[in-house]
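Trainee: Position in the sequence shown counted from 1, then plus 553, gives you the working numbering.
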Amino acid sequence: LSIDVMATMDLTNEVVRLRAELEKVSVERDMLLCEVSNLRRELELSELKHLQDDSLSFSFMKEYQSGSPSAGRNT
554 LSIDVMATMD LTNEVVRLRA ELEKVSVERD MLLCEVSNLR RELELSELKH
604 LQDDSLSFSF MKEYQSGSPS AGRNT
């Protein structure tokens with residue numbers, strides 16, 4: 554084969570290899586984006602739970618300080 558044909562075949566093989574590598578990297582990127590999305594959702598849920606716990610704690614302390622019977626101070 555001539556040098557031009559061999560060079561073309563080498564380039565074609567390189568393109569095929571690079572496309573396969575790109576596909577693998579794209580799949581990995583998509584998996585990482587999903588993982589980031591899941592972690593963000595978990596963080597948001599955790600923050601909401603923390604805010605809810607803080608709100609309940611504040612509400613309980615407010616009732617306790619006011620001497621509300623529902624707070625367990627019916628002595």
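Every residue gets a Cβ at the ideal spot worked out from N, C-alpha and C, and that includes glycine.
To the nearest angstrom, how far is it from the Cα of residue 586 to the Cα of residue 572?
Mentor: 21 Å
Trainee: Between the C-alpha atoms of residue 564 and residue 584, what's the straight-line distance to the nearest angstrom?
Mentor: Going from the Cα of residue 564 to the Cα of residue 584 covers about 30 Å.
Trainee: Using only the alpha-carbon positions, how far apart do residue 578 and residue 595 sit?
Mentor: Going from the Cα of residue 578 to the Cα of residue 595 covers about 26 Å.
Trainee: Which two residues bound the contiguous alpha helix (DSSP H) that contains residue 590?
Mentor: 556-619
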